[in-house]
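Novice: Under my numbering, the residue at position 77 of the sequence shown is numbered 88, and the numbers go up by one with no gaps. All C-beta atoms in this analysis are idealised placements derived from N, C-alpha and C, irrespective of residue type, glycine included. This one's a predicted model, so the numbers in the text were calculated from it and none came from an experiment. Following this message is one structure expressed as structure tokens.
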Amino acid sequence: MTVTRNAALAKKAKDVVLLDLRKLPAISDYFILASGESTTQIEAIADNIEKELFLNHCRIWHREGSGDARWILLDYGDVVVHVFHSQTRDFYKLDKLWHDSPRRNLHPQ
Numbered sequence: 012m013t014v015t016r017n018a019a020l021a022k023k024a025k026d027v028v029l030l031d032l033r034k035l036p037a038i039s040d041y042f043i044l045a046s047g048e049s050t051t052q053i054e055a056i057a058d059n060i061e062k063e064l065f066l067n068h069c070r071i072w073h074r075e076g077s078g079d080a081r082w083i084l085l086d087y088g089d090v091v092v093h094v095f096h097s098q099t100r101d102f103y104k105l106d107k108l109w110h111d112s113p114r115r116n117l118h119p120q
């Protein structure tokens, strides 16, 4: 989680949050959510996360959403990273969809 957090913050991601889904019927154990303000920034955040996790021997299973770069999903099996444009994140409200999961703010105060 620390590598993902640091990689996102290195590209100025906002509202970085960890959702613990282990006690819920979900497809993965954790979601990490992060936001950016432009498609260029969202691509940079996702690319940096993927690069840093690769350097730490974590192999991505699937990447989706790079076409318009408003929501990029990085699937690592037990951990799924969602990098959103802030407007897209507000629209889909994924944070609220999993409101009953324990959450931890990974963004520095």
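Could you tell me whether the Cβ of Val90 comes closer than 9 Å to any Cβ of chain D?
Specialist: Included in the structure is just one protein chain, with no chain D present.
Novice: Measure from the alpha carbon of Ile60 to the alpha carbon of each residue in Gly47, His110, Gln52, Val14, then state which is nearest.
Specialist: Of Gly47, His110, Gln52, Val14, the residue nearest in Cα terms is Val14.
Novice: Under 8 Å: does the beta carbon of Asp40 sit that close to some heavy atom of the ligand SAM?
Specialist: Here there are no bound small molecules, and the ligand SAM is not part of this structure.
Novice: With DSSP as the reference, identify every bridge partner of Trp109, one or two as the case may be.
Specialist: Paired residues: none, contrary to the question.
Novice: Can you say whether Phe42 is buried or exposed, counting buried as having 16 or more other CB atoms within 10 angstroms of its CB?
Specialist: Answer is buried; the Cβ neighbour count reaches 16.
Novice: On the DSSP letters alone, give me the boundaries of the beta strand (DSSP E) that Ala21 sits inside.
Specialist: From DSSP, Ala21 is part of no beta strand (DSSP E) but of the alpha helix (DSSP H) over 13-21.
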